[in-house]
Amino acid sequence: MHINHKDFPGFIDDEHIPFGLINYNFKDVLKQSIIELFPDNQTLIEEQIRDFWPKKRAIDSVLLMGSIGSIGQSTKSDFDYWVCIDGTRYSAREKKLLQQKLILVEQWAEEVHDMEVHFFLSEIEKVKNNDFGEASGESAGSAQAVFLKSEFYATNIMIAGKVPFWWLVPESTTDAQYKKLWEIMQSGSEPDPKWFMDLGNVEKLVKAEIFGAAIWQISKAMDSPFKSVLKMAKLEVFLENIGTERPLCNILKKRVHFYERFNQDPRSVDPYAMMFDQLLEHYTKVGNEDVVELLKKCLYIKSECKLSGANSIQEQTFKTDIIKGYVEAWKWSPGKLQHLDNIKNWDFSAVSSLGQQIHNFLIGCYRRLSSKIQQQEQLVKIEDSTVIGRKLDSFYTKKDGKIVYLKRAFDEGLLLSDITIKAELDLSSPGKKRWSVYRGEIHHWDDKEVASCLLKESNDPMDLVLWCVFNRIIDTRTNILVTRNCEPITEESLIKFVKQLEEMFPPIRISDIPRNKLLAPSRITRCLTVINFESWPNVADLQTVRTAYQTSWGELYSVAGFEALEDLRRDLFHARRKPEIFVKTHDSPHKNRIFEEFKERTQMDFENLI
């Protein structure tokens, strides 16, 4: 972002592109680093880089925020940068060009270095006034503006450019005092004003933001449950101590200013450790041991330190030192450490149990917060509240026919290479079967370990496969084994069906649904009716009908029979935007005749037969 050259990432071929970092000087050590990153450009760097090193600079500061550099950092942590500019100096087109440049650098980081990087173009005056935009993508919108600024100040790491003036003032500075000190500095020479920028003060957190912050954290939990557990707990602790608690960023600033008083202990200035200590103290005091234990597990797993057995012999870092100190204080047994370190090999029921504990805590915490602040005026915009509320409804609310979202503890790691589908006679419904899906290839059903491999049971095999695909449990690479009782359903037919489902109803993340779709009424976007799913291919009659459909709010439904299909007639054929509609049945000599019979019975204009 400091240069704009065709041989380097982020090049924008437009003379109006703003670029260049203020107070960022060319040094030999920097030149060497650039050569290491771009060895193919060594000659260009050594001979010409000063020619395209910018004389005019557009970017005031670049700062890193979040868990990076703390005990909360993991191998999966994103790199979230604030790219601060004086928005009044540039046109909307120029800012758009800079945003495009930043996106190109993000893409380069991911493609070349497998790093997830986000650049947030931040206008200094807007940040100062707590204006962080709308609740879409990575932005918290109006839901928690002061909370976001507080977190930024607590976790920011200077990369280049101007330093936030906030760091210079005492931790107890009021907003009025802060403004006065800024004005005084502008008229002086020491410290030099050109080295600082005004992003605003954080005197206290705003109680009226709690509702927005709470629903935002629950919605983020769909992607990062561990992080949201700790942050949601932080909101509850803040509300309990509303009259006495200072913002964490101000406590940290005091410790940084007087670091020697804290025995130069890294834990004393680690924002993640500070937050965690506050949470443990609160939930221990109120006697909620289940939450205390959950928080401990979440921190330890997220840290990825793995202190058991041979894992304990590893490179010593400030993070391993801090986590080891926690574990020793908690008196955890070697067996417990080994169990947590082996989390990638947990059976599905254990992983699901942890995920359910996490989501139960989040919802419980949200309800407790809601009951305490019902009468308080909240700052969240109606549109932001609507967007986030509809995400929560899609993810958590159970409805007839709805394929349930798996309440996972982790965003990854549940995709299986092998599954086994089993069918048994349902003794409670003569002539019906009970279907179940298991992790791995199961050949010996009397094995004691089989029960721990069970993923889900259902009265309908199509629903079972839908649930697996929808929740990223299986995909086209998964090997599927079926037992003899599953006939006429075969492994080949299921593999083909999984491929069709992936194309028709690809797994989605609720948190990624565009804002404009969530602000509009829910509508059906795609529909698949399957005929004779459990019948032999050579059957000439129409025996069963089951319809799966997805909505613009990210919900997937599965309903059986002609009556259920009739209920969808208006949404399928008379909507302003007609959804994609497909019909599937076995490839057989009777396929077209069965399809025609289906259209005649429904009196619906289906066209796409697959």
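For the sequence shown, position 196 (counting from the first letter as 1) is numbered 196 according to the UniProt record's numbering, and the numbering increases by one without interruption.
We put the CB at the ideal spot given by N, CA and C, even for glycine.
Given the structure is predicted, the values throughout are model-derived calculations rather than measurements.
(message) Within a Cβ cutoff of 6 Å, which residues of the same chain sit near Ile35, ignoring the five residues on either side of it in sequence?
(response) Gln42 and Ile45
(request) For the beta strand (DSSP E) containing Asn436, list its first residue and its last residue. (result) The sequence given here has Ser at residue 436, not Asn. Unbroken beta strand (DSSP E) run through Ser436: Lys433 to Arg439.
(message) If the criterion is Cβ atoms closer than 8 Å, does the pair Met115 and Ile59 meet it?
(response) no
(message) Please return the same chain residues whose Cβ sits closer than 6 Å to the Cβ of Lys422, not counting the five positions on each side in sequence.
(response) Ser436 and Thr483
(request) Per DSSP, which residues does residue 612 bridge with? Please list them. (result) Absent from the model: residue 612. The displayed extent of the chain is 1 to 610, so no value can be given.
(request) Could you tell me the distance, in whole angstroms, from the CA atom of Lys319 to the CA atom of Gly355? (result) 25 Å
(message) If the criterion is Cβ atoms closer than 8 Å, does the pair Arg439 and Leu416 meet it?
(response) yes
(message) Rounded to the nearest angstrom, what separates Asp13 and Ser522 at their Cα positions?
(response) 41 Å
(message) What would DSSP say about Phe196, mapped onto helix, strand or coil?
(response) strand
(message) I'd like the ranges of any alpha helix (DSSP H) spanning at least 4 consecutive residues and lying wholly in the region 162 to 229.
(response) 175 to 186 and 210 to 220
(request) Return the bridge partner residues of Tyr81 from the DSSP annotation. (result) Leu64 and Phe119
(message) Among the candidates His118, Ile358 and Gly87, whose CA atom is the shortest distance from the CA of Asp78?
(response) His118
(message) Here's the rule: buried if 16 or more other CB atoms are within 10 angstroms of the residue's CB, otherwise exposed. What is Ser91?
(response) exposed
(message) Using the three-state DSSP reduction, which class does Cys365 fall into: helix, strand or coil?
(response) helix
(message) Please report the straight-line C-alpha distance between Gly200 and Trp166, rounded to a whole angstrom.
(response) 7 Å
(request) Please report how far the alpha carbon of Arg93 lies from the alpha carbon of Glu125, in whole angstroms. (result) 18 Å
(message) Once DSSP output is grouped into helix, strand and coil, what is the label at Val583?
(response) strand
(message) Short of 7 Å in beta carbon distance, which residues of its chain neighbour Lys306, apart from the five on each side in sequence? Order them along the chain.
(response) Asp341
(request) Quick one: grab the DSSP three-state call for Glu328. (result) helix
(request) With a threshold of 16 other CB atoms inside 10 Å of the CB of Ser429, please say whether the residue is buried or exposed. (result) exposed
(message) If the criterion is Cβ atoms closer than 8 Å, does the pair Gly554 and Ile510 meet it?
(response) yes
(request) Would you please state the rounded distance, in angstroms, between the beta carbons of Met504 and Arg477? I believe it to be under 8 Å. (result) With 8 Å as the limit, Met504 and Arg477 do not qualify as a contact, their Cβ atoms being about 18 Å apart.
(request) Check whether the Cβ atoms of Val498 and Ala409 sit closer than 8 Å, and answer yes or no. (result) no
(request) Please name the residue, chosen from Trp346, Arg472, Leu369 and Thr88, that lies closest to Glu449 on a Cα-to-Cα basis. (result) Trp346
(request) Mind checking which residues open and close the alpha helix (DSSP H) that includes Asp571? (result) Arg569 to Phe573
(request) Could you pull out every residue in the same chain whose Cβ sits closer than 6 Å to the Cβ of Lys6, ignoring the five residues on either side in sequence? (result) none
(message) Quick check: Ile495 and Ile322, are their CB atoms within less than 8 Å of each other?
(response) no
(request) Take Glu138 and list the residues in its own chain whose beta-carbon comes closer than 8 Å to its own, dropping the five residues that flank it on each side. (result) Confidence in Glu138 is poor, its pLDDT being 46 and thus under 50, which makes the residue's placement unreliable; the coordinate value appears in the next sentence. For Glu138, where only same-chain residues beyond five positions count, the Cβ hits under 8 Å are Asp80, His118 and Phe120.
(message) Suppose the cutoff is 7 Å on Cβ atoms and the five residues either side in sequence are ignored; what does the same chain contact list for Val163 look like?
(response) Trp195 and Phe196
(request) Would you decide whether Ala135 is buried or exposed? Buried here means 16 or more other CB atoms lie within 10 Å of its CB. (result) Only weak support exists for where Ala135 lies, its pLDDT of 41 falling under 50; the coordinates are left without a value.
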